[in-house]
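Counting in the numbering used here, the sequence shown runs from 619 upward without gaps. Below: the structure, in structure tokens.
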Amino acid sequence: MKRSILLCLIAVALVGCIQYDEELWLNRDGSGRAKIRIIHRSSYPNTQEIIRKSQLPGIHLINYEVRKSEGNVIYNIYFKFDSIEAYNNVNDRVSNIDFWGKTTLNIDKDRTIRFQRRISLGSQEDEFLDDDILESIFHQHVTEDFRWTYKLHVPWRIVTANASTEDVDNAGKTITWSYDTDHIWNKSVTMSAEMRKDLPYLVFILAGLGVIIIAFSLYWLLSIKRKSHLMQWLHQRHKN
Numbered sequence: 619m620k621r622s623i624l625l626c627l628i629a630v631a632l633v634g635c636i637q638y639d640e641e642l643w644l645n646r647d648g649s650g651r652a653k654i655r656i657i658h659r660s661s662y663p664n665t666q667e668i669i670r671k672s673q674l675p676g677i678h679l680i681n682y683e684v685r686k687s688e689g690n691v692i693y694n695i696y697f698k699f700d701s702i703e704a705y706n707n708v709n710d711r712v713s714n715i716d717f718w719g720k721t722t723l724n725i726d727k728d729r730t731i732r733f734q735r736r737i738s739l740g741s742q743e744d745e746f747l748d749d750d751i752l753e754s755i756f757h758q759h760v761t762e763d764f765r766w767t768y769k770l771h772v773p774w775r776i777v778t779a780n781a782s783t784e785d786v787d788n789a790g791k792t793i794t795w796s797y798d799t800d801h802i803w804n805k806s807v808t809m810s811a812e813m814r815k816d817l818p819y820l821v822f823i824l825a826g827l828g829v830i831i832i833a834f835s836l837y838w839l840l841s842i843k844r845k846s847h848l849m850q851w852l853h854q855r856h857k858n
């Protein structure tokens with residue numbers, strides 16, 4: 619166990635502590651765009667990694683900014699993706715700091731959309747949960763004063779979500795999840811939401827036009843029938 623903890627400590631030393639903020643816009647076909655802000659406790663920016671990830675299939679880098687501030691490197695990245703699969707492929711998870719996680723988006727035949735995203739921090743193995751001084755150091759180093767925040771924009775009506783009530787904006791169709799890294803230490807958490815794909819307005823417009831046409835046709839037929847009865851009555855009266 620000591621060896622595995624030491625390896626994790628080395629990974630943290632290389633990766634640094636992470637503050638992660640993401641805003642994600644999903645389209646109806648599963649494509650979308652994302653704005654990401656990462657605060658990395660390091661003195662050395664890594665723009666090569668951004669360029670490498672931007673060359674992955676289905677990923678289109680729009681722009682990025684990298685700057686240093688008070689011993690941190692701050693990354694602001696804006697990109698588009700062609701599918702959820704392409705978005706997931708950005709994550710190669712080289713450490714136990716998995717703020718990217720894995721996202722699934724399922725669309726059922728009844729127009730129900732189910733969104734899930736699983737993230738994790740620290741080891742998920744029981745042996746790593748033992749009371750150990752090295753584990754405590756690792757814990758403190760990773761979780762001190764950091765949060766992971768995710769804001770999701772969807773094109774569908776939100777039915778339910780496992781976010782706080784005040785973080786679900788039904789009118790704006792947005793959901794926000796925010797996690798204190800200390801609270802998710804050695805855990806995995808899942809963001810989930812269920813949405814409903816409403817019928818397009820065109821369907822209601824066509825249905826309305828259909829009702830109007832049917833009503834007009836019935837009125838026209840009844841009018842002809844009345845006129846026919848009136849003509850017969852006038853003709854019969856004229857004979858008499």
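C-beta: ideal position from N, C-alpha, C; glycine also.
- Query: Taking just the CA atoms, how far does Gln637 sit from Asn724?
  - Reply: 29 Å
**Message:** Check whether the region 677–697 and the region 642–656 touch, using three or more Cβ-Cβ pairs below 8 Å as the test.
**Reply:** yes
**OP:** Answer with buried or exposed for Ser687, where buried requires no fewer than 16 other C-beta atoms within 10 angstroms of its C-beta.
**Re:** exposed
So, is Thr783 buried or exposed, given that buried needs 16 or more other C-beta atoms within 10 angstroms?
exposed
Report task. Ignore the nearest five residues each way along the sequence and tell me which others in Leu770's own chain have a CB closer than 6 Å to its CB. Result -> Here the set comprises Leu642, Ile793.
inquiry  = I'd like the span of the alpha helix (DSSP H) that includes Tyr705, first residue to last.
reply    = Looking at the DSSP string, the run of the alpha helix (DSSP H) that includes Tyr705 is 702–706.
_Please state the DSSP three-state secondary structure of Gln673._
Taken through DSSP and simplified to helix, strand or coil, Gln673 comes out as coil.
- Query: Should Ile751 be labelled buried (16 or more other beta-carbon atoms within 10 Å of its own) or exposed?
  - Reply: For Ile751, the predicted model reports a pLDDT of 47, less than 50, meaning its position is unreliable; a value from the coordinates is still stated below. Under the 10 Å beta carbon count, Ile751 is surrounded by fewer than 16 other beta carbons and is classified as exposed.
Worksheet item: Going straight from the alpha carbon of Asn709 to that of Thr722, what length do you get?
Response: 14 Å
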